[in-house]
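J.: In numbering that gives the first Met the number 0, the protein residues as written are 0 to 225. All residues carry an ideal CB built from backbone N, CA and C; glycine is no exception. Owing to the predicted nature of the structure, the values given are computational and were not obtained by experimental measurement. This structure is in structure tokens; I'll ask about it shortly.
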Amino acid sequence: MIQPRPTRLAAAAFALALSTLAFLPATARAADHKAPPVQPATDFTALEVHADEHLAVAAEPYDTHDKSALFRIDYLAHGVIPIRLIVTNLGDKPVSLKDARIIFVTAQGDRIQAADPEDVERLISLHDKQGTKIPLPGPLPSIHLKPKASDKDVEQDFDQFEYQALVVEPHSTQAGFLFYDVSGLTHPLKGATLNLRKLRTADGQELFAFEISFDKYLKSKSPQMN
């Protein structure tokens, strides 16, 4: 009886494991897809408070696979980072975000607008066409893994999780996610900010702009930033 060579067995097992992992984003992610509980913006690290205007805004990046497991899609694998926006109205008058501009500004000064579902779908489609090349040991050829995702999953995620509140009532908090295409950036959060402009009171008065530093969030994760 001919015994297979150990290297070939190991390579075959490795390929099988990778093939199985290719399906994990679609099957092993959180089945309930529940949004996290709404907490006041002041409970978060990446925060800015305008005391005179009675408004607090926080930004919580979902930059790890554990945190982002509530989504149907592994957005991080496609270069998209979900940012949870939390807005707390500490005053007695409603605040409007109807005309708000919420921009991700990189350390290099590039301004990235929040993605629409169609933007994410195009990015995923591009990755599906390119696939992911995984080298194998020995003489075996490389295999290509394609991210498992669908337009339906993207649309369901946006319908359920995207920030949608146009008005934040007095003494209340609204929260939801914005999705930013940071593909091509090695450390997208380092030195970056989330800028909010054109927030208004109920009578149309424009409030001061917010500029929330993600370095605050990174420092809370590690005492020393790289």
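Taking the alpha-carbon positions, what's the residue 150 to residue 51 distance?
T.: One-based indexing of the sequence shown puts residue 150 at position 151. One-based indexing of the sequence shown puts residue 51 at position 52. Their backbone Cα atoms lie some 43 angstroms apart in a straight line.
J.: Can you give me the C-alpha to C-alpha distance between residue 219 and residue 45, rounded to a whole angstrom?
T.: Translated into the one-based positions of the sequence shown, residue 219 becomes position 220. Translated into the one-based positions of the sequence shown, residue 45 becomes position 46. The straight-line gap from Cα to Cα measures roughly 9 angstroms.
J.: For residue 189, tell me which candidate among 196, 212 and 170 has the shortest Cα-Cα distance.
T.: Position 190 of the sequence shown, counting from 1, holds the residue named residue 189. Checked all of 196, 212 and 170; the closest Cα to residue 189 is 212.
J.: For residue 173, report the span of its beta strand (DSSP E) as first-last.
T.: Position 174 of the sequence shown, counted from the first residue, corresponds to residue 173. Counting along the chain, the beta strand (DSSP E) containing residue 173 begins and ends at 171 to 180.
J.: Roughly how many whole angstroms lie between the Cα atoms of residue 114 and residue 122?
T.: To locate residue 114, count along the sequence shown from 1; it is residue 115. To locate residue 122, count along the sequence shown from 1; it is residue 123. Going by the C-alpha atoms only, they are around 10 angstroms apart.
J.: What separation, rounded to the nearest whole angstrom, lies between the Cα atoms of residue 193 and residue 103?
T.: Counted from its first residue, the sequence shown places residue 193 at position 194. Counted from its first residue, the sequence shown places residue 103 at position 104. Roughly 5 angstroms between the two C-alpha positions.
J.: In this structure, does DSSP put residue 207 in helix, strand or coil?
T.: The sequence position of residue 207 within the sequence shown is 208, counting from 1. In this structure, residue 207 counts as coil in the three-state DSSP scheme.
J.: CB-CB under 6 angstroms to residue 77, same chain, minus the five flanking residues each way: which ones, in chain order?
T.: Translated into positions along the sequence shown, residue 77 becomes position 78. Once the five neighbours on either side are set aside, the close Cβ partners of residue 77 are 122, 123 and 126.
J.: May I ask you to verify whether the stretch 158 to 178 touches the stretch 87 to 100, counting CB pairs closer than 8 angstroms and requiring at least 3?
T.: The answer is yes - the stretch 87 to 100 touches the stretch 158 to 178, with three or more Cβ pairs under 8 angstroms.
J.: What are the uninterrupted segments assigned as beta strand (DSSP E) that are 3 or more residues long and contained completely in the stretch 36 to 84, given in chain order?
T.: Complete beta strand (DSSP E) runs here, min 3: 46 to 49 and 54 to 60.
J.: Kindly indicate which three-state DSSP category residue 212 falls into: helix, strand or coil?
T.: On the sequence shown, position 213 is the one that residue 212 refers to. It is a strand residue.
J.: Can you list, in chain order, the residues of its chain with a C-beta nearer than 6 angstroms to that of residue 105? Leave out the 5 residues immediately preceding and following it.
T.: The residue you call residue 105 lines up with position 106 of the sequence shown. Excluding residues within five positions, the ones whose Cβ falls inside 6 angstroms are 191.
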